[in-house]
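Trainee: Residue numbering for the sequence shown follows our numbering, starting at 1 and increasing by one per position.
Just so you know, even glycine gets a beta-carbon here, dropped at the ideal spot from N, CA and C.
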Amino acid sequence: MMKGLKKWRLFSLLAVMMVFLSGCGEDYISTLKPSGQVGKEQFNLLMLATGIMTLVVVIVSVIYLLAFLKFRRSKVGENVIPKQVEGSHTLEIIWTVIPIILLLILAVPVVTATYKFADVAAMDEVDENGDKTALTVNVTAKLYWWEFEYPNQGIVTAQELVVPTGQKVYFNLKAADVKHSFWIPAVGGKMDTNVDNLNKFYLEFDKESKDLKDGVFYGKCAELCGPSHALMDFKVKALSPDAFDTWVASMKATDGKMPDKTSADLGEATFAQSCMGCHAVSGTSGPGSKGPNLTAFGDRNRVAGFLEHNEENLKAWIKDPGQFKPGNLMMNADGTAPIYGDLTDEQIQALATYIMGLSVEK
Numbered sequence: 001m002m003k004g005l006k007k008w009r010l011f012s013l014l015a016v017m018m019v020f021l022s023g024c025g026e027d028y029i030s031t032l033k034p035s036g037q038v039g040k041e042q043f044n045l046l047m048l049a050t051g052i053m054t055l056v057v058v059i060v061s062v063i064y065l066l067a068f069l070k071f072r073r074s075k076v077g078e079n080v081i082p083k084q085v086e087g088s089h090t091l092e093i094i095w096t097v098i099p100i101i102l103l104l105i106l107a108v109p110v111v112t113a114t115y116k117f118a119d120v121a122a123m124d125e126v127d128e129n130g131d132k133t134a135l136t137v138n139v140t141a142k143l144y145w146w147e148f149e150y151p152n153q154g155i156v157t158a159q160e161l162v163v164p165t166g167q168k169v170y171f172n173l174k175a176a177d178v179k180h181s182f183w184i185p186a187v188g189g190k191m192d193t194n195v196d197n198l199n200k201f202y203l204e205f206d207k208e209s210k211d212l213k214d215g216v217f218y219g220k221c222a223e224l225c226g227p228s229h230a231l232m233d234f235k236v237k238a239l240s241p242d243a244f245d246t247w248v249a250s251m252k253a254t255d256g257k258m259p260d261k262t263s264a265d266l267g268e269a270t271f272a273q274s275c276m277g278c279h280a281v282s283g284t285s286g287p288g289s290k291g292p293n294l295t296a297f298g299d300r301n302r303v304a305g306f307l308e309h310n311e312e313n314l315k316a317w318i319k320d321p322g323q324f325k326p327g328n329l330m331m332n333a334d335g336t337a338p339i340y341g342d343l344t345d346e347q348i349q350a351l352a353t354y355i356m357g358l359s360v361e362k
């Protein structure tokens, strides 16, 4: 008896903890605190489904308890058999029609929302000059980082998606290697990025991210993609439309920027010799680089998507990327050394200082 009571106590404790923990979501990452129109509609659908399921559970539980109490042996006796309702057309109609109604109540808004979120026809609309009017971002998921290209603006960046508030942002989603999944929990999503086909959808950002913890929304890969899947994060900086236009202009201003192998700056020279084959420092360099575009690295929120953004962590990353993200493509095939070879401590220090200084916002 006591053993059974202990189990019920544990169950009760877990139930209470779930209630309290459900309120611990942060604005920058919680689906329960949506910050965009898509996220809000998806949240409403979640609440509708939860409400229907709760109603069914409550009604079934009440019927069960009433039957349990009304026909218990201590009340009706040992040899009493309750009236049998097998074959009752009335009851069969009731428990057939009610589930159909509940399914329709849930299905209609879900199907409507699905088609609404899939409507990306505005991506092809143009103004009188033939310029596309919608903001489109081409997202390419790679092992284990994200590339963001703005084709209409002619710029590209990585790891930190920058978007304006108050308008629809359309996404073309694809993967460069294996299947990934693009998800910004607080804003909406998610959707797979595949190698063989292009997925499209849109999101809306209702508020700027500057007042959030770390000043960004958190993005995730929601598809198991390899040993460092859990570390395949990206960040989203939501700006006012004017601030976004300023950022775009700053990115365009880096056009033609190229590190010099003969520079007196050891960091720049080292970058030109060891890093330039995979990384660009111009926001207009175009998509398809082997490694993330580093034009705005100094403005980012994290090193490698998850390490605190400081020079010490960057030096540790440069020295041994495989220690932090197993399976990343900065390492040789055997995983024993970086593809750019060994660098001296002096070169690593200078390189980290140079990369941290790459900024379009300062």
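1) Measure how close the beta-carbons of residue 325 and residue 228 come, nearest whole angstrom, since I'm counting them as under 8 Å.
2) Entirely within the stretch 29 to 63 and at least 3 residues each: give me those beta strand (DSSP E) ranges in chain order.
3) Assuming contact is defined by CB atoms lying nearer than 8 Å, are residue 330 and residue 291 in contact in what I supplied?
4) Within its chain, find whatever has a CB closer than 8 Å to the CB of residue 60; leave out the 5 residues flanking it on each side and keep chain order.
5) Specify the secondary structure class of residue 257 as computed by DSSP and reduced to three states.
6) Would you mind sorting residue 148 into buried or exposed? The rule is 16 or more other CB atoms within 10 Å of its CB.
7) Taking all protein chains shown into account, do 16 or more other C-beta atoms lie within 10 angstroms of the C-beta of residue 64, making it buried, or fewer, making it exposed?
8) Which runs of the beta strand (DSSP E) fall wholly inside the stretch 93 to 180 and span at least 3 residues, in chain order?
9) Mapping the DSSP letters down to three states, classify residue 311 as helix, strand or coil.
10) Is the stretch 186 to 199 touching the stretch 211 to 222, taking contact as three or more C-beta pairs under 8 Å?
11) Between which two residues does the beta strand (DSSP E) holding residue 237 run?
12) Can you name, in chain order, every residue of its own chain whose Cβ lies under 7 Å from the Cβ of residue 350, other than the five neighbours on each side?
13) Taking its Cβ as the centre, do 16 or more other Cβ atoms sit within 10 Å of residue 300, making it buried, or is it exposed?
14) Alpha carbon to alpha carbon, how far is residue 340 from residue 150? Give it in angstroms, no decimals.
15) Near residue 297, which residues of its chain fall below 8 Å by C-beta distance, leaving aside the five closest residues on each side in sequence?
16) Roughly how many whole angstroms lie between the Cα atoms of residue 153 and residue 256?
17) Determine whether the beta carbon atoms of residue 232 and residue 144 lie at a separation below 8 Å.
18) Which residue wins for smallest C-alpha separation from residue 142, given the options 102, 178, 245?
19) Would DSSP call residue 1 helix, strand or coil?
20) Using a Cβ-Cβ cut-off of 7 Å (strictly less than) and excluding sequence neighbours within five positions of residue 348, which residues of its own chain qualify?
21) Can you tell me which of 102, 84, 168, 88 puts its alpha carbon nearest to the alpha carbon of residue 54?
22) Buried or exposed for residue 282, please, with buried defined as at least 16 other CB atoms from any protein chain shown within 10 angstroms of its CB.
23) With burial defined as no fewer than 16 other Cβ atoms inside 10 Å of the residue's Cβ, what is the status of residue 115: buried or exposed?
24) Let me check one thing: in DSSP terms, what residues is residue 221 bridge-paired to?
25) Could you compute how far the alpha carbon of residue 90 sits from the alpha carbon of residue 205?
26) State the Cα-Cα distance for the pair residue 219 and residue 71, rounded to the nearest angstrom.
27) By the 10 Å Cβ neighbour count, where 16 or more other Cβ atoms means buried, how is residue 259 classified, buried or exposed?
28) Note down, in chain order, each residue of its chain lying with its Cβ closer than 7 Å to the Cβ of residue 85, except the 5 sequence neighbours on either side.
29) Contact criterion: CB-CB distance below 8 Å. Does residue 219 meet it with respect to chain C?
30) At the level of alpha carbons, what is the spacing between residue 313 and residue 174?
31) With respect to the alpha helix (DSSP H) encompassing residue 354, which residues constitute its N-terminal and C-terminal limits?
32) Grab me the residues of residue 253's own chain with a C-beta within less than 6 Å of its C-beta, minus the 5 sequence neighbours each way, in chain order.
33) Between residue 321 and residue 239, is the Cβ-Cβ spacing less than 8 Å?
34) Does the distance from the CB of residue 361 to the CB of residue 250 come in under 8 Å?
35) If you draw a straight line from the C-alpha of residue 130 to the C-alpha of residue 176, how long is it?
36) How long is the line joining the alpha carbons of residue 118 and residue 38, rounded to whole angstroms?
Mentor: From the atom records:
1) As a working note, residue 325 is residue 325 in the sequence shown. As a working note, residue 228 is residue 228 in the sequence shown. Indeed they touch by this definition, with Cβ atoms about 4 Å apart.
2) none
3) The sequence position of residue 330 within the sequence shown is 330, counting from 1. The sequence position of residue 291 within the sequence shown is 291, counting from 1. Cβ distance < 8 Å, so residue 330 and residue 291 count as in contact.
4) Against the sequence shown, residue 60 aligns to sequence position 60. Around residue 60: no qualifying Cβ.
5) Walking along the sequence shown from the start, residue 257 turns up at place 257. Correct three-state label for residue 257: coil.
6) On the sequence shown, position 148 is the one that residue 148 refers to. Buried, since its Cβ has 16 or more Cβ neighbours within 10 Å.
7) Indexing the sequence shown from 1 puts residue 64 at position 64. Label assigned to residue 64: exposed.
8) 135 to 142, 145 to 150, 155 to 158, 160 to 164, 168 to 175
9) Stepping through the sequence shown from its first residue, residue 311 is reached at position 311. Reduced to three states, the DSSP call for residue 311 is helix.
10) yes
11) Here residue 237 is taken as the residue at index 237 of the sequence shown, counted from 1. Where residue 237 is concerned, the enclosing beta strand (DSSP E) stretches over 234 to 239.
12) Taking the first residue of the sequence shown as 1, we reach residue 350 at position 350. The answer, listed in chain order, is 266, 267, 270.
13) One-based indexing of the sequence shown puts residue 300 at position 300. Buried, since its Cβ has 16 or more Cβ neighbours within 10 Å.
14) Counting from 1 along the sequence shown, the entry for residue 150 is found at position 150. Counting from 1 along the sequence shown, the entry for residue 340 is found at position 340. Near 29 Å, if we compare the C-alpha coordinates of residue 340 and residue 150.
15) Numbered from its first residue, the sequence shown carries residue 297 at position 297. For residue 297, where only same-chain residues beyond five positions count, the Cβ hits under 8 Å are 355, 356, 358, 359.
16) Locating residue 153 in the sequence shown gives position 153, where the first residue counts as 1. Locating residue 256 in the sequence shown gives position 256, where the first residue counts as 1. Cα to Cα, residue 153 sits roughly 16 Å from residue 256.
17) In the sequence shown, residue 232 corresponds to position 232, counting from 1. In the sequence shown, residue 144 corresponds to position 144, counting from 1. In contact: residue 232 and residue 144 (Cβ atoms closer than 8 Å).
18) As a first step, residue 142 must be located in the sequence shown, where it is residue number 142. Comparing Cα-Cα distances from residue 142 to each of 102, 178, 245, the minimum goes to 178.
19) Taking the first residue of the sequence shown as position 1, residue 1 is located at position 1. Caution is warranted here: a pLDDT of 48 is assigned to residue 1, below 50, making its placement in the model unreliable, and no coordinate value can be reported.
20) For the purposes of this step, residue 348 is taken as residue 348 along the sequence shown, with counting starting at 1. If we look at residue 348 and ignore the five residues flanking it on each side, its Cβ neighbours are 315, 318, 319.
21) Here residue 54 refers to the residue found at position 54 when the sequence shown is read from its first residue. Measuring from the Cα of residue 54, the nearest candidate turns out to be 102.
22) Start at 1 with the first residue of the sequence shown, and residue 282 comes out as number 282. Counting Cβ neighbours within 10 Å, residue 282 comes out buried, since at least 16 surround it.
23) The residue labelled residue 115 in the question sits at position 115 within the sequence shown. Classification of residue 115: exposed, given that the 10 Å Cβ count is below 16.
24) As a working note, residue 221 is residue 221 in the sequence shown. DSSP output for residue 221 lists 182 as bridge partner(s).
25) The sequence position of residue 90 within the sequence shown is 90, counting from 1. The sequence position of residue 205 within the sequence shown is 205, counting from 1. Each residue's Cα considered, the two are about 50 Å apart.
26) Within the sequence shown, residue 219 is the residue found at index 219, counting from 1. Within the sequence shown, residue 71 is the residue found at index 71, counting from 1. Taking the straight line from one Cα to the other gives about 55 Å.
27) Numbered from its first residue, the sequence shown carries residue 259 at position 259. Burial call: buried.
28) Mapped onto the sequence shown, residue 85 falls at position 85. Answer for residue 85: 91, listed in chain order.
29) Protein chain content of the structure displayed is limited to a single chain, and chain C is not contained in it.
30) Here residue 313 is taken as the residue at index 313 of the sequence shown, counted from 1. Here residue 174 is taken as the residue at index 174 of the sequence shown, counted from 1. Rounded to the nearest angstrom, the two C-alpha atoms are 30 Å apart.
31) For the purposes of this step, residue 354 is taken as residue 354 along the sequence shown, with counting starting at 1. Residues 345 to 356.
32) On the sequence shown, position 253 is the one that residue 253 refers to. Hits under 6 Å: none found.
33) Locating residue 321 in the sequence shown gives position 321, counting from the first residue. Locating residue 239 in the sequence shown gives position 239, counting from the first residue. Going by C-beta atoms, residue 321 is not nearer than 8 Å to residue 239.
34) The residue labelled residue 361 in the question sits at position 361 within the sequence shown. The residue labelled residue 250 in the question sits at position 250 within the sequence shown. In this structure, residue 250 lies closer than 8 Å to residue 361 by Cβ.
35) Counted from its first residue, the sequence shown places residue 130 at position 130. Counted from its first residue, the sequence shown places residue 176 at position 176. Using only the alpha carbons, I get a separation of about 30 Å.
36) On the sequence shown, residue 118 is found 118 positions in, with the first residue counted as 1. On the sequence shown, residue 38 is found 38 positions in, with the first residue counted as 1. So the alpha carbons of these two residues sit roughly 11 Å apart.
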